[in-house]
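Here's the structure, in structure tokens; my notes come after.
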Amino acid sequence: MKRALKTAFVCQQCGHAAPRWLGQCPGCEAWGSLAEEPVGEAGARPRAGGAAPQTLGAVATSDAVRRSTGVGELDRVLGGGLVQGSIVLLGGDPGIGKSTLALQACGALASRGVAVLYVAGEESPEQVRLRADRLGLGTSSVLVLPETAAEAIVEQIERTRPAAVVVDSIQTVHTSALASAPGSVGQVRESAALLVARCKATQTACFLIGHVTKEGALAGPRVLEHLVDTVLYFEGDGAHALRVLRAVKNRFGSTNEVGVFEMGERGLVEVPNPSAAFLAERPKDAAGSAVLATLEGSRPVLVEIQALVSRSSLAMPRRTPIGLDLGRTALLLAVLEKRCRVRLHDQDVFLNVAGGLTVDEPAADLAVVAAVASSARGTALPSDVVLWGEVGLTGEVRSVARADARVREAARQGFRRCILPAGNERGLGGDGGVRVQGVATLAELFAALELA
Ligand code: TYD
Ligand code: MG
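So for the sequence shown, our numbering puts the first residue at 242; every next one is plus one.
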């Protein structure tokens with residue numbers, strides 16, 4: 242390339258600028274921290290021609306114009322629909338279903354007469370068409386554009402004036418202002434900035450699709466989080482059909498909502514009753530199985546925690562929690578051994594959240610402890626019990642938020658008994674014939690479950 246590009250490679254940690262890419266920053270010695278950025282005139286962004294400050298009281302307000310995407314669970318996570326001119330980053334592991342979800346939303350929008358542009362950077366228009374046909378979507382009026390140059394995409398947005406645009410994916414888009422490869426931090430950030438500025442100016446709602454690697458730390462989409470209005474992550478375990486859509490940032494709604502989907506032959510199907518889906522294959526009367534009422538955002542969901550305790554042949558027995566935090570698991574096992582005399586130091590302990598969900602609230606502790614104790618003793622827990630509560634280092638059981646919602650969900654799913662922190666018990670009960678039983682210590686939990 243002969244054209245001189247006015248760019249520099251800038252360290253993302255200390256700000257040191259170098260004329261070319263280096264593996265290690267000469268300024269702060271961080272590795273792999275340099276990203277290309279425009280400098281001087283080439284990178285000069287249009288200046289916001291001298292706005293004058295005004296009092297907040299004088300600022301004109303207009304309610305954000307929201308439009309249903311036609312996919313109920315997506316609307317719920319967006320905060321009640323897609324806001325006109327808002328930018329949504331849809332992230333997740335490759336293969337989780339981001340393109341499928343975006344295409345289904347396009348179909349639903351188009352079938353209600355909304356103009357939609359689908360920018361396909363990864364797939365050919367034929368592939369997009371075949372998928373839309375297979376999903377049985379009414380996408381015939383959706384504009385599809387096979388393009389990866391940010392300037393060209395912006396030009397087409399100007400020309401076609403869609404109400405919503407999907408860019409699949411932002412990692413494939415590049416701008417000629419930078420010389421680095423598509424997918425690099427600099428390219429992703431500059432291309433996205435270009436798209437965001439134009440979508441804001443034309444009041445076009447925009448979905449930017451971004452791949453996130455398993456580690457979650459990927460240079461790409463993460464650097465965009467501050468640039469966009471809403472960040473949604475699509476999660477799930479590739480081996481399972483259930484998928485959870487979570488808002489981690491939302492300028493137009495709460496981040497407490499989650500949407501649950503099931504990936505099937507005909508795309509993503511909304512799951513209106515996640516608890517029933519997560520408990521569908523629960524074994525009856527098996528040792529090592531406990532039902533937890535957890536909060537997914539603001540929504541109570543029942544999930545099964547499974548534990549298997551078995552004699553170890555290793556000097557350092559295995560602790561393998563899937564869907565639960567390793568450090569927290571180790572803590573709970575130590576508390577069980579010390580306070581409840583459950584012998585675990587020479588046992589392998591495997592834990593799993595059935596259905597592929599990840600649970601990271603301490604309220605899961607009581608169910609984890611119950612499942613491990615049940616497996617260690619070889620005694621099944623009563624099948625009509627739901628548990629939750631945080632466990633402390635002395636074996637005390639601490640209260641958690643939203644106990645009332647958890648009790649209601651247990652009742653709705655036909656359970657008869659809730660075992661919960663004693664501090665949460667007051668004022669609860671009577672809901673749909675569920676008996677609530679508060680426990681203040683693990684000793685009381687063991688007594689309640691008849692685990693001697
Ligand atoms: P996709 O939306 O392409 O994932 P992403 O864009 O996040 O990379 O989904 C890919 C996976 O979904 C693929 O493994 C096949 C599966 N799938 C189904 O099971 N059913 C379907 O109807 C579709 C469209 C995809
Ligand atoms: Mg895709």
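Glycine included, each C-beta is placed from N, C-alpha and C at the ideal position.
_Could you tell me the alpha carbon to alpha carbon distance between ILE470 and SER327, rounded to whole angstroms?_
Residue 470 is actually Asp in this sequence, not Ile. One C-alpha to the other measures close to 6 Å.
*Determine the closest residue to LEU661 out of LEU690, LEU634 and GLN654, with distance taken between C-alpha atoms.*
LEU690
_Any non-hydrogen atom of the ligand MG closer than 7 Å to SER615 Cβ_ = no
*At least three beta-carbon pairs within less than 8 Å, the stretch 595–612 to the stretch 533–550*: yes
*Based on the DSSP secondary-structure assignment, which residues constitute the bridge partners of ASN491?*
THR471
*asked:* Quick check: the stretch 294–310 against the stretch 258–273, are at least 3 beta-carbon pairs closer than 8 Å?
replied: no
*Thinking C-beta only, is GLY636 closer than 8 Å to CYS581?*
yes
*Taking the C-alpha atoms as reference points, what is the distance between GLU631 and ILE563?*
19 Å
*Closer than 6 Å from C-beta to any heavy atom of the ligand MG: which residues, in chain order?*
LYS339, SER340, GLU363 and ASP409
*With respect to the beta strand (DSSP E) encompassing GLN678, which residues constitute its N-terminal and C-terminal limits?*
676–680
*For PRO366, is the beta carbon positioned less than 7 Å from some heavy atom of the ligand TYD?*
no
*Identify which residue in ALA405, LEU465 and GLU399 has its Cα closest to the Cα of ARG430.*
LEU465
*Please name the residue in HIS467, MET504 and ARG492 whose C-alpha comes closest to that of PHE475.*
MET504
*Could you pull the start and end residues of the alpha helix (DSSP H) that SER417 belongs to?*
Note, SER417: premise wrong, no alpha helix (DSSP H); not H, not E.
*Is there contact between the stretch 496–511 and the stretch 305–318, where contact requires at least three CB pairs shorter than 8 Å?*
yes
_From the DSSP secondary-structure annotation, give me the bridge partner or partners of CYS447._
ILE328 and VAL406
*the ligand TYD heavy atoms versus the CB of GLU506: any closer than 7 Å?*
yes
*Identify the continuous beta strand (DSSP E) that holds GLU278 and give its terminal residues.*
275–279
_Anticipated Cβ contact below 8 Å, VAL627 with THR682, distance rounded_ = The Cβ separation is near 19 Å, so there is no contact.
*Is it true that the stretch 350–360 meets the stretch 395–410, where meeting means three or more beta-carbon pairs spaced less than 8 Å apart?*
yes
*Do the stretch 505–522 and the stretch 569–586 meet, that is, are 3 or more Cβ pairs less than 8 Å apart?*
no
*What separation, rounded to the nearest whole angstrom, lies between the Cα atoms of ARG657 and SER551?*
31 Å
*Which residue's Cα is closest to the Cα of VAL594: ALA548, ASP587 and SER554?*
ALA548
_Checking 8 Å against the spacing of the C-beta atoms, do VAL414 and THR389 come in under that value?_
yes
*ALA646: which of PRO541, ASP587 and ASP566 sits nearest, CA to CA?*
PRO541
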